[in-house]
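Enquirer: Here it is, the structure in full.
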Ligand SMILES: Cc1ncc(COP(=O)(O)O)c(C=O)c1O
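Numbering (this note's numbering), first residue to last: 416 to 841.
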């Protein structure tokens, strides 16, 4: 590595940045060294188009074992009958599900992007919104909770073929049973995109989407604490209810339509080094330590949410049940953009975020999204959350005062020195 001085130096700088700062981006985490080592392994050298036992290349016998191990561990985590670990990312996992289940022009119903949903759930800027006819539900203006009545009314009126639940900026659990009930009424499939809370679901700390949803997708790099990537899983296999067939015109079970949608439908060779790292992360999730991690994430998020509320911050829905919170800063006289930029200068990293019914553009926003998976991995506990909120509050009240920001930065670096990150790396 040190042979390429330019790249090595940049990676050292990034390691320093990660070590010294407080990482509050809700979709980020720190993997174990073992996960990173698997990613930097010889598996990156291998082409393995196809699936275990059915590859288009020779020499795949070891890779087959590796991918099968990742699949088996994932199935064990979520008690599933089928899983695909090849999607390169969460977006690809969702795309493969759409390809397997829907025809272009079919209707889909998802949570509006501006209310906390994700681009791939039908946004006009995304493949999903360009290919399918997308309808949206939102959250209630008063409670900040998903407006299930609106979801049901739109479902009954538009009769989408797929209802998508899951979000990027929603701090509450989901009523999957209620969504399944209306889906059954209109003959729709339910996709749960659990990219954000997957780790908490794996730890048994939130409602289980597999009990009610036909299909589940996730990223592997957020609360699952694995490498950057995606997965698709199903508890029970079933026949595509809309009569979609494989390229040869045969009726197939959903599991094989999904496999075909990932490869050759949408991707080429799987990233087997990432799949090796997924297997390592899934092994870690199956250990007892992971449940304790999940519990600490929720406990830290709740301690942080209370501390923000005590300081007069307006949390959408008033609090959190998962790993993140969405804060409306309009009563604090600062935009999400300015908050993010000033906090960055103090080495506190988070992202500006639209809040429901926002009057500002997505480039400015009225809010911030704050998440605790990464700081919890570093070992921070409830008392530290109070310190972090105090530091954030100081920055937001003094966003134009570089001296105050420098003092906060020194406190941030001091706090994080007590929680070493990757001490094995120089
Ligand atoms: C709910 C949800 N789905 C899908 C994705 C897409 O994942 P990726 O960035 O890996 O494509 C994200 C990423 O933030 C997400 O929050």
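Idealized CB from N, CA, C, for every residue including glycine.
#1: Does DSSP classify residue 846 as helix, strand or coil?
#2: Would you say residue 645 and residue 473 are within 7 Å of each other, going by their C-beta atoms?
#3: Using a threshold of 6 Å, is the CB atom of residue 588 nearer than that to any non-hydrogen atom of ligand 1?
#4: So, at 7 Å on beta carbons, what are the nonlocal neighbours of residue 749 in its own chain, with the 5 sequence-adjacent residues on each side left out?
#5: Using the Cβ count rule (16 or more neighbours within 10 Å means buried), how would you classify residue 603?
#6: If you follow the alpha helix (DSSP H) that residue 634 is in, where does it begin and where does it stop?
#7: Determine the direct distance from the alpha carbon of residue 710 to that of residue 538, and round the result to whole angstroms.
#8: Indicate the three-state DSSP secondary structure (helix, strand or coil) for residue 466 in the structure shown.
#9: Mind checking residue 843: buried by the 16 CB within 10 Å criterion, or exposed?
#10: Any contact between the region 661-679 and the region 613-621? By contact I mean 3 or more CB pairs, one from each, below 8 Å.
#11: Round the Cβ separation of residue 758 and residue 782 to the nearest angstrom and send it over; I've been treating them as touching at under 8 Å.
#12: Helix or strand or just coil, what does DSSP make of residue 727?
#13: If you draw a straight line from the alpha carbon of residue 529 to that of residue 509, how long is it in whole angstroms?
#14: Report the CB separation of residue 786 from residue 439 in whole angstroms; it is logged as a contact under 8 Å.
#15: By how many angstroms is the C-alpha of residue 592 removed from the C-alpha of residue 428?
#16: So, for residue 561: in the same chain, excluding its five sequence neighbours on each side, which residues have a beta-carbon less than 6 Å away from its beta-carbon?
#17: Taking residue 764 as the reference, give the member of 423, 437, 418, 432 with the closest Cα.
#18: In terms of residue numbering, what span does the alpha helix (DSSP H) encompassing residue 425 cover?
#19: Would you say residue 504 touches ligand 1, meaning its beta carbon is less than 6 Å from a heavy atom?
#20: Where residue 833 and residue 700 are concerned, what is the direct C-alpha to C-alpha distance, given to the nearest angstrom?
#21: Going by DSSP, which residues form a beta bridge with residue 386?
#22: Nearest to residue 756 by CA position, among 817, 794, 716, 792, is which residue?
Expert: Straight from the coordinates:
#1: Any answer about residue 846 is impossible in this case: the structure gives the chain only from 416 up to 841.
#2: To locate residue 645, count along the chain shown from 1; it is residue 230. To locate residue 473, count along the chain shown from 1; it is residue 58. Not closer than 7 Å, so no.
#3: The residue labelled residue 588 in the question sits at position 173 within the chain shown. No, since every heavy atom of ligand 1 falls outside the 6 Å radius drawn around the Cβ of residue 588.
#4: Locating residue 749 in the chain shown gives position 334, where the first residue counts as 1. For residue 749, where only same-chain residues beyond five positions count, the Cβ hits under 7 Å are 811, 814.
#5: Start at 1 with the first residue of the chain shown, and residue 603 comes out as number 188. Buried, since its Cβ has 16 or more Cβ neighbours within 10 Å.
#6: Mapped onto the chain shown, residue 634 falls at position 219. Careful: residue 634 lies outside any alpha helix (DSSP H), inside the beta strand (DSSP E) at 630-634.
#7: Walking along the chain shown from the start, residue 538 turns up at place 123. Walking along the chain shown from the start, residue 710 turns up at place 295. Those two C-alpha atoms are separated by around 33 Å.
#8: Sequence index remark: in the chain shown, residue 466 carries index 51 (1-based). In the structure shown, residue 466 sits in a strand (DSSP, three-state: E or B).
#9: Nothing can be reported for residue 843, as the shown portion of the chain is limited to 416 through 841.
#10: Proximity of the region 661-679 to the region 613-621 falls short of the contact definition, fewer than three beta-carbon pairs being nearer than 8 Å.
#11: Looking up residue 758 in the chain shown gives position 343. Looking up residue 782 in the chain shown gives position 367. Residue 758 to residue 782, Cβ: 13 Å. No contact.
#12: By 1-based counting over the chain shown, the position of residue 727 is 312. In this structure, residue 727 counts as coil in the three-state DSSP scheme.
#13: The sequence position of residue 529 within the chain shown is 114, counting from 1. The sequence position of residue 509 within the chain shown is 94, counting from 1. When rounded, the distance between both Cα atoms is 19 Å.
#14: Residue 786 sits at position 371 when you count from the first residue of the chain shown. Residue 439 sits at position 24 when you count from the first residue of the chain shown. The beta-carbon separation of residue 786 and residue 439, rounded to 6 Å, stays under the 8 Å limit for a contact.
#15: As a first step, residue 428 must be located in the chain shown, where it is residue number 13. As a first step, residue 592 must be located in the chain shown, where it is residue number 177. Distance between the alpha carbons of residue 428 and residue 592 is about 47 Å.
#16: For the purposes of this step, residue 561 is taken as the residue at position 146 of the chain shown. Taken in chain order, the residues that qualify are 554.
#17: Here residue 764 is taken as the residue at index 349 of the chain shown, counted from 1. For residue 764, the nearest C-alpha among the options comes from 437.
#18: In the chain shown, counting from the first residue as 1, residue 425 sits at position 10. Start and end: 420-435.
#19: Taking the first residue of the chain shown as 1, we reach residue 504 at position 89. Remark: the shortest separation between the CB of residue 504 and any heavy atom of ligand 1 falls under 6 Å.
#20: Taking the chain shown and counting its residues from 1, one reaches residue 833 at position 418. Taking the chain shown and counting its residues from 1, one reaches residue 700 at position 285. Rounded to the nearest angstrom, the two C-alpha atoms are 25 Å apart.
#21: As shown, the chain starts at 416 and ends at 841. That puts residue 386 outside it, with no answer to give.
#22: Walking along the chain shown from the start, residue 756 turns up at place 341. Taking only the C-alpha atoms, the option nearest residue 756 is 817.
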